[in-house]
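Right, one structure below, let's go through it.
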Amino acid sequence: MKIVFVDDDPLVLHSLGGMFRRLGYEVITYDTPLSCPIFTAPHGTCYPESKCPDIIISDYDMPIVDGAHFLDTIMKKGCMCKRMALLSGKAVPDSVMMRLAKYGTRFFTKPLDFVELEAWIMLTKLNHH
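So the sequence shown is numbered by the numbering used here: it starts at 59 and just counts up by one.
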């Protein structure tokens, strides 16, 4: 399974990326939505040379493009990823949560409960096979 993490905090990217790589997942990390090809591609297409991610997890509070805008934009462009999550260390406005709920977005608060996050990802893996 492929997981994409987008977070402007290098420590979060390093810890999440390392943890899930050790668990056997293919992990791609980006420090901003602007470096993610799914966001910058004209039609929400994935990587031409590989398969689309099974899970996309984004931080909410990032400069320039926040995580909610990132997820909303890629879904409107036709991203086929069925499992997305938004991480936030502060309250996410109800309007944002309602907008992203239509895509089935899961919300996790920081500091992260890694057991809860891993359980959600494992559920995705079980449903994937």
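Glycine included, each C-beta is placed from N, C-alpha and C at the ideal position.
Computed from a prediction, not measured in an experiment: that's the story for all the values here.
> What whole-angstrom Cβ distance do T167 and S146 have, given they're in contact under 8 Å?
Replying inline: As a position in the sequence shown, residue 167 is number 109, starting the count at 1. As a position in the sequence shown, residue 146 is number 88, starting the count at 1. Your pair T167 and S146 checks out as a contact, with CB atoms roughly 6 Å apart and the cut at 8 Å.
> P111 and I61 look like a contact to me (Cβ under 8 Å); what is the Cβ gap, rounded to whole Å?
Replying inline: For the purposes of this step, residue 111 is taken as residue 53 along the sequence shown, with counting starting at 1. For the purposes of this step, residue 61 is taken as residue 3 along the sequence shown, with counting starting at 1. Indeed they touch by this definition, with Cβ atoms about 6 Å apart.
>> Helix, strand or coil, according to DSSP, for D117 in the structure here?
In response: Here the question's residue 117 lines up with position 59 in the sequence shown. Three-state DSSP puts D117 in a strand.
> Any idea what DSSP makes of T163, helix, strand or coil?
Replying inline: Here the question's residue 163 lines up with position 105 in the sequence shown. DSSP places T163 in coil when its eight states are reduced to three.
>> With the cut-off set at 8 Å, would you say L158 and L144 are in Cβ contact?
In response: In the sequence shown, residue 158 corresponds to position 100, counting from 1. In the sequence shown, residue 144 corresponds to position 86, counting from 1. For L158 and L144, yes; Cβs fall inside 8 Å.
> Can you pull the DSSP bridge partners for V85?
Replying inline: If you number the sequence shown from 1, residue 85 lands on position 27. DSSP output for V85 lists I61 as bridge partner(s).
> Using the C-alpha atoms, what's the distance from D66 back to P121?
Replying inline: Taking the first residue of the sequence shown as 1, we reach residue 121 at position 63. Taking the first residue of the sequence shown as 1, we reach residue 66 at position 8. One C-alpha to the other measures close to 8 Å.
>> Which residues does DSSP list as the beta-bridge partners of R141?
In response: Working through the sequence shown from its first residue, we reach residue 141 at position 83. Answer is I113.
> Comparing alpha-carbon positions, which option in M142, V85, P68, P100 lies nearest V116?
Replying inline: For the purposes of this step, residue 116 is taken as residue 58 along the sequence shown, with counting starting at 1. The amino acid occupying residue 116 in the given sequence is Ser; Val does not appear at that position. The candidate whose alpha carbon is nearest that of S116 is M142.
> Can you check whether the CB of M138 is closer than 8 Å to the CB of Y161?
Replying inline: Taking the sequence shown and counting its residues from 1, one reaches residue 161 at position 103. Taking the sequence shown and counting its residues from 1, one reaches residue 138 at position 80. No; because the gap between Cβ atoms is not below 8 Å, this pair is not in contact.
> By a C-beta neighbour count over all protein chains shown, 10 Å radius and 16 as the cutoff for buried, is F172 buried or exposed?
Replying inline: Along the sequence shown, one-based indexing puts residue 172 at 114. That one is exposed.
> To which residues does DSSP link S93 through a beta bridge?
Replying inline: For this step, residue 93 is matched to residue 35 along the sequence shown. Per DSSP, none; premise fails for S93.
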